[in-house]
Structure formats: C-alpha cells, structure tokens
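S.K.: Numbering (the numbering used here), first residue to last: 24 to 945. By construction, the Cβ of each residue, glycine as well, lies at the ideal position given by its N, Cα and C atoms. Sending over a structure as structure tokens; questions will come in a sec.
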C-alpha cells in the first residue's frame, strides 16, 4: 500500500512539473540562437563557430579540439583560421544597442560605430585588438601577416577624413613579433595565394593612383605603375610570381573607363603593356577593355583571360532632365523584355564577354561576343579549348519556357574557331576535371551523354541501364530534371551519376557501367548521395581516386530517417551504414588532412547543436547547447500521417502535436501546405517571427495541431488537385476523436496562398483561412511580370509551378476554372490575405482583385499590405507584427479568443503608423 502511494505521488509530481512548461509567446524570438560559419583547420586541431541570436549580439567560439581549450569573442564574426592552426583573425561588431542608438539619432554611415579586428594567438590565447576596421585579408595557403583597412582618426590627417575619393590607412600586423607597419592612401589590396606578396592600389590624390607591391616580411614598396586615374587590383597567378592589372586615364563618373592591360613578372624592372587603349584587332566596333574586365591567369599560368565589352559613353550632361522624355520602349524582337533589362541594368553595364590573349600574335581573341553565350574554361583554363553553351537564338522563348535549347561547342583559344558538339534542351553541362570530356543531360532524350574531345565522338551513357536518371516524381508540365552528377574518378576515367536511389559508375569510353551501390537504394527505398569532403578552391581539380572510400548521405524514403554510409568506388558493393537515425544532419565540415568532422544534428524537438566526430558519426561529441531555454517551453512532436486522396492516391503528410498532447481532449487544427513536405519529418523549426506562414512550434506550444499534407498534381487542374489532396487529408485527420473538426483552418503563402484562395471556393469545411500573396485571377496573372527579376510569368503557367500546361489562347477555360476570382461568390470562409506592395514574385494586384471581389460580395475578408515589403517579409518589425495578427486571427476563430480591434474596426489611414489595433475586447 505504501509503495502504491509513493508511486502515485511521484506520478503526480511528474505531471505537475510537465504541466508547468510555458507556452511560447512572441517575446522569445530575439534570443533564439543558431550556429553559423563553422570552420576547421586542415589538421583538425582548431575549429571555430558563431552562435547568433535572431536579434542582438552573437559570439564567436574558437576551440582546440585536442586539449578542449576554447575562447569566446563576444560579437566576433568573419573568422579566418590560418592554415597552420597558429592564429585566428576575426572582426568584432559594435554592440547591437550602440548601433541601434546611433540609427535612432540618424547618424550618417560614416558616423555609425565601426568594427574592430582581433588577432588571436592560438598557442597562448593572447588577443590583440584594433579599432575602426573596415576589412582585412590574409594569404589563402599561408599567412604570416594580416592586412586591414583602418579608419582610426589618429592615422588620418584631419583635413582628409571626409575625402571619400582618397585611400585609407592599411595596417599590416606581423604574427611572429606583433609588429605593425602602416601604408597610407590604400584604395584596394590583396595578398597572393602564398601570402608572401601584397599588392595595393594607392590613391593619394583625386584622379591619381599607383600600383605597388610589398614583399613579406620587410614590406619595402615597389611601385609598378603610377600617374593614371584608375588601376585595377592586380590579379596574381597561382605561384604569385606573375600578375595582371588594368589602367585608365579616364576620370569620367559615368560610362566606361577605357582601359589598358599590363603584365608583370617578378624580377622584371617594370610591367609590360599587352593591350593599349587604341587596340581594335578582332573586336567589334567600339568594344574594348573596361574597369570591369578583370584579367586573370589559367591555373598553370600559361593563358591570360580578360573580359571585353562595348565602351559605354558617359551621360550627356547637356540634357535638361525636366525637358527630356522619360520612357521605356517594349519591343517585340528584344531578347529580354524591358522589365528584365531594367532589373539587370547595373549588372548588364558591368557584364563582359570572355577573351584570351594570344601572346604569339600579341592580340586578343574574343571567345564570344554574345552576352547569352556562356563560355566556360576547361581544366581551369589549362586546356587549349573552352566550352560554349549558347542560348542566343532562343532568348525570346524565355518568356514562356525556362528550358531553352542551347548550342554546345568547343572554342579554340588561339583563334576562336568553333567545333560544334550538339544542339538541344540540355542541362548540367560540364567538362571533366582533366578536360578530356564534355558531359550533359539531354532533357528531350531523357539521357546523359558524353563527348570525347580528342576523338570528337559522342556516346549515350545511360540508355541501356533499365532505370530512369530523371526525376520520377516530377508533376510539372515540363521535362523533368536529372537526379544529378556525383563526380569523376581520377584521370577522367569514370563518371558517377545518380538514379532515383543509387549511384552508377560509367567508364568514359562507354565500355562499362556498374551500379556502385549494388541496387541497395532501390531495394530498400533509400536514397544514397555522394558527399564531397574535399576542401578545394575554384582552381583545384575535384576527383575521386580509383580505390577511394567515399562518404555518402542516406535518406530513407519510408521512415524519413537520415544518415551516413561509406562506399568503395572500385567495385559494386553495399554501402556500409555508419548511422541512420531520426535526425537531420547538416553543416558538414571535414578537416582537409584529417578524419575530423563537424556537423549539426537536429529534429523537430531537438535544437540543432554542433558535434565533432572522428569515426564517421558512430560517436559524436556534443559541443554546444545553444537553446537551453527550449526545455522550459511546451514544445511538440512530429509524426507521419498517411491517407488516400479522393482519387485513391496514397499520400503522406506531417502531423505536429503539442508536447502535452492528451488524446482525451479535442484540439483545433491549422493546416499549412506547399508542394510536398513529408520528407522534412526530422527538420527543426525555431520559434521566429513570421515572414509569411504560421510558425509550427509556436502553434503546437499553444495547443494547436498543425497538419502539413503533401500535394500531387496533374497538369491543367492544380486547384482540384489541391482539393483532392488537402481536403481529403483534413477529413481523414478529423476522423480521430482528438481532432476538433469544427475548428479547422488553412494557411499558405504564394503557391500555397493560391491554394487557400481556391479551396475556400470549393469547401466550407474550414472555419478560417489565411492566404499570403495569392494568385486569384490566372488570366491576368499569366500576362503579369515577376517584378523581382523582371521576367514574364507565362512560363510558370505553361511549364512550371502553376501547372496549367497550355497557353491562355489554347485553353482559356483552364485559366478561368482554376482562378478563385471567378468563384468568389461561393466563399463562406473568413479570409485573411497578406499581399505586399513590393511583391517581386506575385503581382500585388492579385491580392487586390480577390479582396475587392470578396468585399463587393459582402464576405468577411481582410488584407494586410506591408509597405515597401517583398513577397515574404524582410523587415523584422513587420514580421513581428504579422506574427501577432496571425495568432489573434486564428485564436479568435478556432479558440474563441476576443476579437482584436483591427479585425473589428480596421485601421483608418489617418492613424497609420501610430495606431495598430492589436488590443482585444473581452
């Protein structure tokens, strides 16, 4: 009897403790943290990472993985660990509140608090700090010094502090003896890859610059050139012995600077002029080198590449603005429509076409003069050929089809002659690491092809494998994309490609193909993918050695678990699983020369913390506990939910329940949806202010069920497909006794917002609905513009997410029947719309059309329009406001909470910015 009483008391105490967990509220967001910018040295002995709150001051942690010592730098970021593991350099942000107060006082950018720089000796943990730092740089492969731009007023004469046209002091800090050297009037600077040579552009007077070199450790200046108004920052070759730079005497503030190209090699007395200002050979009329030409070397230093472009004339200052017409002319034959040209104007003015310098003939060889012809170097520029992917002839078609045909060809670097390879709708076009082959996926043939450069022959690699190498789940009216390329083996001997589950190895001569993972993925419904753990720069080759054991990720499509495995690439074999668990593993970093790995591990109720392992995840040491406060709150659980759609299609979704879920109670439901989300079963969601959608842990914590159903589509009927999947899922879920069927709501954004807008015309099942940026009228949206990129929206309907599959004139009935606007009279569900006036994806007027229709019909509808805001909210103040309004809206309809004033009375324009209507009436 006594034992029974003790057990009951213990149970009651546990229940009481459990019940005392707090619900999440809007005050928790700012301090919820994440890990960012993890790094580890080549030998794995030193690592660093940042812990960042959503708002406020973060911190940098630097840790010795061998003796476990660590140091914390408050507000540290932008970290460099020297390759030898002896020093760390980071910037330190000013305190968040100091910057905030300066902004409140409307301080100019020059008056805002500046960063500091910290240099940490990792043997002694001594820190040296420097104030008022704008930037810093070190050598990539080795670092004995760090150079940084400093605007400390003690280094700048008083009369020059406001002169933006002059360079700034550059301080060089020597790690070995802590000595500092200061160079003055530095405008631009960079080390070579070895860290032994520093190049600078000095700007001591307006329109007068010079180029100087400094050798470590003495830093005695060597002036290479001077006297002209503009010099580009020199570009080194891999060895650091050769460099290139541009120069121009132009002082114009608009238009292009007409530049010359110079070459210098160590030991020479002065640089050589390669291309002068008057150069015209092989160039289109009025083309030349500009300040955006950015010359550089091939990896072996034998080829020189530089950009060419039309010379833009300076603006005509004689024109009187208020007497000059201002217009945009839309022309039917333009390669890109006018909004896209305007959106990309700044980029287009800087764009160049690739050319190479023929040293024997002392002339430039343009490899293309079309800005829609993408020319790629082969073997990091070492090859005598380049690869052209030319879409010039088909750019107009981009208006309605993003999968454009392209012409593949090889371009001779010596004379720009072209060798045609193939023409078609290609993707994933690439060259092999050693430059022997060109690989591509042909969308129309549904196959991978390889071209042998030496033999000028083409082979289809995948046509005899009896499996598909394209996305078998694609339900958009377009050619499916391939599953992808894993990599190449050494010497370009083999190429590794993915099917839906497994990895295949194809010999590049076409003589053999094997399923490397022994069909294990297909047999077990698991997806295996290669993880490239090599730390390489853009000028290093990436390949897999013939007998290498590689690291794979695993995703189990049945139970949604994730993990890792190893695989030998010299034969077909079953991957050796090291871990497969109910977590998501992210942020993988490997030490370049050691078996030391960093990774983050998370699931819905496990905050993503940082781990370190030396045995491929069999065991991992947890290094952080970034959100201990999470244990104080009522959180939630995630589980798979399965049902059949109305048409019999088996479907999956995610069901999130409160942590204190009681099956004897009834819970209100919020449904959120966007394409397919069931694979995210083990994904973590931090409490955060909403950019557009409901925050799942927030609503779980406050007693809601959140249901996220998958949706599958058939072209031509996207609205009915949403009904088929979502409403069937809601009714299936509602069969459970713990679901309050009378209090269910739906919420979605963008494509999900469209589906909400459509569903409320088809069912009265839901008590409330929220639609963010919904398309309401497909007939007008079809001809609209995605203002964020300036592109036409027609491609979305004919081929991509909107899934109509035909144009407006061939099938007007599909556009009308799928448009919520034309069924607005059927709506009975209260609807909260958010559509912002700077939406760059869905035209703002789509939300207005639906609001005006529902208002005209006497329906309950509200529209939130955040000023100068994007498709998804970008300003945190607006995100916090939306979060409160979403909660108030759903709490009112689903929980019977008091109605807030903004829902009852609105907000008059006369009180905009001072009154927000968030108070409630009991």
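1. Considering only C-alpha positions, which residue in the set 234, 227 and 397 is nearest to residue 221?
2. Can you tell me whether residue 55 is buried or exposed, with buried defined as 16 or more other CB within 10 angstroms of its CB?
3. When the distance is taken between beta carbons, is residue 750 closer than 7 Å to residue 784?
4. Rounding to the nearest angstrom, what Cα-Cα distance links residue 561 and residue 322 in this structure?
5. In this structure, does DSSP put residue 874 in helix, strand or coil?
6. Let me know the beta strand (DSSP E) ranges lying completely inside the stretch 389 to 421, each 3 residues or longer, listed in chain order.
7. Keeping to the same chain, check which residues put their C-beta closer than 8 Å to that of residue 258; ignore five residues upstream and five downstream.
8. Considering only residues of the same chain and omitting the five flanking positions on each side of residue 613, which have a CB-CB separation below 6 Å?
9. If you reduce the DSSP assignment to three classes, tell me which class residue 363 lands in.
10. Whole-angstrom Cβ separation of residue 807 and residue 697, contact assumed at under 8 Å?
11. What did DSSP end up calling residue 694 once you bin it into helix, strand or coil?
12. Does the beta carbon of residue 607 sit closer than 7 Å to a beta carbon anywhere in chain C?
13. Unbroken alpha helix (DSSP H) runs of length 4 or more, entirely within the stretch 844 to 916: which are they?
14. Which stretch, first to last residue, makes up the beta strand (DSSP E) that contains residue 56?
15. Going by alpha carbons, who is nearest to residue 439 out of 472, 381, 445 and 455?
16. On the DSSP letters alone, give me the boundaries of the alpha helix (DSSP H) that residue 755 sits inside.
17. In its own chain, which residues sit with a C-beta less than 6 Å from the C-beta of residue 310, not counting the 5 before and 5 after it?
18. Taking only runs of the beta strand (DSSP E) that begin and end inside the stretch 266 to 318, which ones reach a length of at least 3 residues, in chain order?
19. Where do the N-terminal and C-terminal ends of the alpha helix (DSSP H) with residue 805 fall, by residue?
20. Looking only at its chain, what residues have a beta carbon closer than 7 Å to the beta carbon of residue 108, apart from the 5 residues adjacent to it on each side?
21. Between which residues of its own chain and residue 270 is the CB-CB distance below 7 Å, once the five residues before and five after are set aside?
22. Between the Cα of residue 670 and the Cα atoms of 745, 660 and 652, which residue gives the shortest distance?
23. Using the C-alpha atoms, what's the distance from residue 856 back to residue 940?
24. Does the stretch 760 to 775 come close enough to the stretch 789 to 806 to have 3 or more Cβ pairs within less than 8 Å?
25. In terms of residue numbering, what span does the alpha helix (DSSP H) encompassing residue 545 cover?
26. Going by beta carbon distance, what residues of the same chain come within less than 7 Å of residue 201, once the five residues before and after it are set aside?
27. Go to residue 236, then tell me how far its beta strand (DSSP E) extends in each direction, as first and last residue.
28. Starting from the Cα of residue 896, find the closest Cα among 880, 923, 859 and 919 and give me that residue.
29. Alpha carbon to alpha carbon, how far is residue 338 from residue 365?
30. Could you tell me the boundaries of the beta strand (DSSP E) in which residue 664 lies?
31. Rounding to the nearest angstrom, what Cα-Cα distance links residue 526 and residue 595 in this structure?
32. Pull up the DSSP beta-bridge partners for residue 762, would you.
33. According to DSSP, is residue 435 helix, strand or coil?
34. In whole angstroms, what separates the C-alpha of residue 154 from that of residue 343?
35. Look up residue 744 in the DSSP assignment and say whether it is helix, strand or coil.
36. Would you tell me roughly how many angstroms separate the C-alpha atoms of residue 18 and residue 591, rounded to the nearest one?
M.R.: Once the coordinates are examined:
1. 234
2. buried
3. no
4. Interpretation of residue 561 is limited by its pLDDT of 48, a score under 50 that renders its predicted location unreliable; the figure taken from the coordinates is listed afterwards. Cα-Cα distance, rounded: 10 Å.
5. helix
6. 396 to 400 and 408 to 413
7. 266, 267, 268, 317, 318, 319 and 320
8. 556 and 620
9. helix
10. With a Cβ gap of about 21 Å, residue 807 and residue 697 do not count as contacting.
11. strand
12. Checking the listed chains, one finds no chain C in this structure; it contains a single protein chain.
13. 867 to 879
14. 56 to 63
15. 381
16. 751 to 756
17. 331 and 333
18. 283 to 288 and 295 to 298
19. 801 to 805
20. 64, 66, 68, 69 and 145
21. 248, 251, 253, 254, 282, 283 and 285
22. 745
23. 17 Å
24. yes
25. 543 to 547
26. 151
27. 231 to 238
28. 859
29. 17 Å
30. 659 to 667
31. 10 Å
32. 690
33. strand
34. 46 Å
35. helix
36. This structure cannot speak to residue 18, because the chain is shown only from 24 to 945.
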